[in-house]
Amino acid sequence: MFDPPLPEKKLLAIRSLGYGTVDKVFLKYDNPFWQPTDVYQVLWLDGFNHCGNKVDQDDMSAWVTHGQLQTSWFRYIGRFNAVRHQPQVLCCWLSGEGAKFMETLSDDEVRTGCHQVLRQVLGRPDLPEPNYMERSTWHSDPFSVGSYSYIAVSCDTTGSLPLDLAEPVCEPVVHFGTEVMYPLLLFAGEATHSSFFSTVHGAYESGIREADRLADFYLDPVEGMKKRDA
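Numbers 1 to 230, taken from the numbering used here, label the letters of the sequence shown in order.
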């Protein structure tokens, strides 16, 4: 994608930091049956957790396979929660392979699957179905192919951090007799924020950070990049 290629440190950070899919399904009901602060956490009594992992005593190696997703995608539902300022809407959270598979299903299949899980969680088989549904499809979006970054286990081995992903690609140039680091390529986005990765405000703040970096450089090429590197 880049010619010349990115520095090895940058490539290592890209390979090390995780990036996955979390989707939301919004279910609208005629008659709300929950309180404004309610959260319903989903726990499967047969040992499956919300990531589709079946835990058998201390053995965590039995994962739901892709072939099983047709009948088990809803196992990746982690919770339902009330939505602020939307008194008739519940938000259902899905993650991982189940979220990706959910994006391939029809609206009716998703609505029915999520509602059936909610019926089980609440112990109310007669719970009326939602009258409307909206969902995110982050994995299917060709410009996103996922939703959130995260600090992966591989970062423990490589030592890579979001700050490594944020580091600009520069080249030395001489400015009025002084060598300065000229920024060629800047990086922003939630994955580059050291504290607020996986958040919208992290993405927003990273954009401000890089705009400030450019402003500092053009106002004072010698000290500007030093300020941002500090």
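Virtual Cβ for every residue (Gly too), placed ideally from N, Cα, C. All of these numbers come straight from a predicted model, not from anything done at the bench.
- The residue from W73, A82 and D46 with its alpha-carbon nearest to that of E109 is W73.
- It is roughly 15 angstroms from the alpha-carbon of S16 to the alpha-carbon of E167.
- By alpha-carbon distance to F80, the top candidate from Q86, L105, P128 and K24 is K24.
- A straight-line Cα-Cα distance of about 46 angstroms links P142 and G177.
- The beta carbon of H193 is closer than 7 angstroms to those of P162, G202, E205 and S206 in its chain, skipping five residues each way along the sequence.
- DSSP places E97 within a helical segment (H, G or I) once states are collapsed to three.
- For G96, the closest of L45, F197 and Y148 by C-alpha to C-alpha distance is Y148.
- Around the Cβ of H175, a 10 Å sphere holds fewer than 16 other Cβ atoms; the residue is exposed.
- Between V169 and K9, the C-beta gap is not smaller than 8 angstroms, which leaves the two residues out of contact.
- Secondary structure within the region 144-203: the alpha helix (DSSP H) runs of 4 or more consecutive residues, fully enclosed, are 154-158 and 162-166 (chain order).
- Within the model, the alpha-carbon separation for F26 versus L184 is close to 42 angstroms.
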